[in-house]
Ligand code: HEC
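Residue numbers (this note's numbering): 822 to 922.
Now the structure itself:
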């Protein structure tokens, strides 16, 4: 009986893995990247303070690289994407920052 229950949960696990893949692989927007990858270490207010200073691409590039060195999980495409998100800044970033104030 115990063995039976174990295999049922194993099957459920496989089912979940197939139908709900890691959200990291799903298409990320500026907003999901910020809330999913940046907020793990500090509040977005930290990010939004810098957004408010209207820093350019190069400054953000340095910051994002620095965050990756700190341990932020971002591949190079995601890093480039975020640099654009943050330096423009994208409308969703502005919305997020206004909400977190
Ligand atoms: C692994 C932890 C971690 C993650 C994830 C992380 N940060 Fe940071 N962040 C830090 C630490 C630690 C500091 C303070 C030390 C420093 O300034 O280098 C910091 C400081 C900052 C600062 C203020 C200093 C500066 O360089 O302007 C900004 C802006 C910032 N983070 C943005 C981000 C963004 C954007 C992301 C998402 C891509 C992010 N952080 C993800 C750890 C993290």
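Glycine included, every Cβ here is placed at the ideal spot set by N, Cα and C.
At what residues does the alpha helix (DSSP H) containing residue i begin and finish?
| i | result |
| --- | --- |
| residue 886 | 878-891 |
| residue 896 | That residue, residue 896, is in no alpha helix (DSSP H); it is neither H nor E in DSSP. |
| residue 858 | Element bounds for residue 858: n/a, residue is neither H nor E. |
| residue 912 | 912-920 |
| residue 852 | 851-854 |
| residue 873 | 865-873 |
Between residue i and the rest of its own chain, which residues show a CB-CB distance below 8 Å, the 5 nearest in sequence each way excluded?
| i | result |
| --- | --- |
| residue 885 | 893, 895, 900, 903, 904, 907 |
| residue 856 | 865, 917 |
| residue 854 | 895, 899, 902, 903, 906 |
Are the beta-carbon atoms of residue i and residue j separated by less than 7 Å?
| i | j | result |
| --- | --- | --- |
| residue 807 | residue 918 | Residue 807 cannot be examined here, being either before or after the span of the chain that is shown, 822 to 922. |
| residue 913 | residue 852 | yes |
Below 7 Å CB to CB, which residues in the same chain sit around residue i once its five sequence neighbours on both sides are set aside?
| i | result |
| --- | --- |
| residue 883 | none |
| residue 881 | 904, 907, 908 |
| residue 878 | 904, 908 |
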